[in-house]
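Residue numbers 40 to 345, in the numbering used here, belong to the letters of the sequence shown in order.
A virtual CB, placed ideally from N, CA and C, is assigned to each residue, including glycine.
Every value quoted in this text rests on a predicted model; they were computed, and no experiment measured them.
See below for the structure under consideration.
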Amino acid sequence: MKAYRIFYLIIAFAMLFACVKKDNELKLFGEESSSSNTGSSDTATASQEMGCAPDYGDSVLCYQLLSSGQDYKVSPLNNLGKGKYIAIPEGLILDNNTGEINVTKSESGLAYKVGFIAEGSSDTCFTGVITSGINYLDGIYVLSDDDTLAVPVYKGTLNGSPVCGAGGLFGNCEFDDDEDDDNGNGIFDEPPPGQTFNSKNIRIDKQTGVISLKRSLLDGIFGTLTPNNGKTVNATLYYRLDDCSNKALRKIDISFTYYSKLSDVPKALIDDITNTLNSILGLVFRSAGEKVTNPRPPHIVVVANR
């Protein structure tokens, strides 16, 4: 990992450790907080009463495949009375009236804050939840600096351990799953045909989920060895983890963009990547008017030469 990406990860780690709290600790945001499914916002401050935060029983929400084909949902275990539920950042599908979370439709592999604003109050009580799954951090990869691999992280945690494979958190994972019926229970839990990363010249290790950006470029991810600056490819990765989801099929959309030189990367894109990293790893925002956006899809910027 070279200096340019180290700079961003230093920022990310600083933000992470500056605001690490236990899951149910209340935090002052002092900003407009957007819920995921209504677009409404409330300016709120955190209450000091620990019992006013929603309790989901476990801070990790594990996706489960239901035989009925219905979405898997979880609701707060405690009755907080009348009020409104909110979530930040975007991506958590939340019922603003009941606090019910649709785990199936929510973005996986991310940390969220779920808040409750009691009727007649301006205070918000927050609790932390994490949707089980993987994520790829936004980043600028300079291939000439030998920064060629995009590595997945699990549950939004940068702990340095691989997710799967040798020395990984789990020993039996499948990345880039195809439409074949692997478990003999039909195709209802299989991805659509023709959508694998490798079929689109995105070279990913099927056991570890590590993406080789150099090999992908050489094999034609952007359609040519010399694509135009700003050329973007969007793809969906289907995967299964041997974690609490019991290898249920998950997916994540990823955007790949090419630039020939580091100086070709627009400043606006660099700023966007920085803000997204802060959103994912910090969950603390500087101003009341700052929009808390959806950190998905991850944006991987491939730069050929420094």
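Tell me residue i's beta-bridge partners as DSSP assigns them.
i: Val304; result: DSSP, once it has assigned bridges, lists no residue as partnering Val304.
i: Ser294; result: Asn273, His338
i: Lys152; result: Ile127, Gly167
i: Asn285; result: Partner(s): none; Asn285 has no beta bridge.
i: Val192; result: Asn174
i: Val181; result: Val342
DSSP three-state call for residue i: helix, strand or coil?
i: Ser98; result: coil
i: Leu322; result: With a pLDDT of only 46 at Leu322, under the threshold of 50, the placement of this residue in the model should not be trusted; the figure read from the coordinates follows. It is coil, neither helix nor strand.
i: Lys112; result: strand
i: Ser251; result: strand
i: Ser145; result: coil
i: Leu257; result: helix
i: Ile140; result: strand
i: Gly122; result: strand
i: Leu264; result: coil
i: Cys212; result: coil
Take the Cβ of residue i as the centre, count every other Cβ of all protein chains shown within 10 Å, and call the residue buried at 16 or more, exposed below.
i: Asn317; result: buried
i: Ser145; result: buried
i: Lys286; result: buried
i: Leu176; result: buried
i: Thr296; result: buried
i: Ala307; result: exposed
i: Pro201; result: buried
Measure the C-alpha to C-alpha separation of residue i and residue j and round it to an integer number of angstroms.
i: Tyr277; j: Lys245; result: 10 Å
i: Cys164; j: Ser171; result: 23 Å
i: Ser72; j: Arg289; result: Summary for Ser72: the model assigns pLDDT 33, below 50, so the residue's position carries little reliability, and this model does not support an answer.
i: Gly108; j: Ile156; result: 33 Å
i: Gln103; j: Gly204; result: 23 Å
i: Asp186; j: Thr235; result: 24 Å
i: Asn182; j: Arg345; result: In the sequence under discussion, the amino acid at residue 182 is Leu, which differs from the Asn named in the question. The straight-line gap from Cα to Cα measures roughly 8 Å.
i: Ile173; j: Val249; result: 11 Å
i: Leu208; j: Ile179; result: 26 Å
**Message:** Using 8 Å as the cut-off, can you tell me whether the segment 261 to 268 makes contact with the segment 279 to 290, which would need three or more C-beta pairs spanning the two stretches below that distance?
**Reply:** no
**Prompt:** Is there contact between the segment 89 to 101 and the segment 117 to 137, where contact requires at least three CB pairs shorter than 8 Å?
**Reply:** Verdict: yes, contact present.
**Request:** Report yes or no: do the segment 185 to 193 and the segment 129 to 138 share at least 3 C-beta pairs separated by less than 8 Å?
**Result:** no
**Message:** Is it the case that the segment 207 to 217 contacts the segment 150 to 160, given that we only count it when at least three CB pairs across the two stretches are under 8 Å?
**Reply:** Three or more Cβ pairs closer than 8 Å define a contact, and the segment 150 to 160 falls short of that threshold against the segment 207 to 217.
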